[in-house]
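Undergrad: Residue numbers for the sequence shown follow the working numbering, so the first one is 13 and each next one is one higher.
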Amino acid sequence: MYAERVLSGMRPTGRLHLGHYHGVLKNWVKLQEEHPCLFFAADWHALTTAYDTPEVIEDHVWEMLIDWLAAGVDPSQAT
Numbered sequence: 013m014y015a016e017r018v019l020s021g022m023r024p025t026g027r028l029h030l031g032h033y034h035g036v037l038k039n040w041v042k043l044q045e046e047h048p049c050l051f052f053a054a055d056w057h058a059l060t061t062a063y064d065t066p067e068v069i070e071d072h073v074w075e076m077l078i079d080w081l082a083a084g085v086d087p088s089q090a091t
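#1: Hey, G21 and A54: beta-carbon distance below 8 Å or not?
#2: Got a sec, what are the start and stop residues for the beta strand (DSSP E) V18 sits in?
#3: Count the other CB atoms within 10 Å of the CB of F52; is the residue buried (16 or more) or exposed (fewer)?
#4: Look at the alpha carbon of R23 and the alpha carbon of V36, and state the distance between them as a whole number of angstroms.
#5: Nearest CA to the CA of A15: which residue from G26, C49 and R27?
#6: From the DSSP secondary-structure annotation, give me the bridge partner or partners of A53.
#7: Give me, in chain order, the residues of the same chain whose beta-carbon lies closer than 7 Å to that of P66; leave out the 5 immediate sequence neighbours on both sides.
Put into C-alpha cells, the structure is as follows:
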C-alpha cells in the first residue's frame with residue numbers, strides 16, 4: 013500500500029496571523045514528527061488575490077517561510 017504522507021500549502025497573500033498558527037502551523041509541527049511532510053508556498057494561487065500587484069508576492073513568500081521556521085517547521089524533517 014502507499015506510505016502515509018502529508019502534502020499541504022499556503023497562499024502567500026500577506027502577513028500570517030494567529031489563525032494561521034492555530035489552524036495550520038501547530039498541526040504541521042506535530043505532523044512533521046509523525047509522517048513525511050511536503051509543505052509548499054502556493055505562489056501561483058496568490059495571483060488570484062494580488063493580480064494587480066504581483067511584485068509583492070515574492071516578499072510575502074519570504075515573510076511566510078520565515079514565519080513557518082519561527083513556528084517550528086523544521087526543514088530537516090519536512091520538505
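Where a beta carbon is used, it is the ideal one built from N, C-alpha and C, also for glycine.
TA: If we stick to the structure as given:
#1: If you number the sequence shown from 1, residue 21 lands on position 9. If you number the sequence shown from 1, residue 54 lands on position 42. By the CB criterion at 8 Å, G21 and A54 fall inside the cutoff.
#2: Here residue 18 is taken as the residue at index 6 of the sequence shown, counted from 1. Segment V18 to M22, the beta strand (DSSP E) holding V18.
#3: As a position in the sequence shown, residue 52 is number 40, starting the count at 1. Here F52 is exposed. Its C-beta has fewer than 16 other C-beta atoms within 10 Å.
#4: As a working note, residue 23 is residue 11 in the sequence shown. As a working note, residue 36 is residue 24 in the sequence shown. If I take the Cα positions, the gap works out to 12 Å.
#5: Position 3 of the sequence shown, counted from the first residue, corresponds to residue 15. A15 has its Cα closest to that of C49, out of G26, C49 and R27.
#6: Against the sequence shown, residue 53 aligns to sequence position 41. Looking at the DSSP assignment, A53 forms a beta bridge with M22.
#7: Walking along the sequence shown from the start, residue 66 turns up at place 54. For P66, where only same-chain residues beyond five positions count, the Cβ hits under 7 Å are L59.
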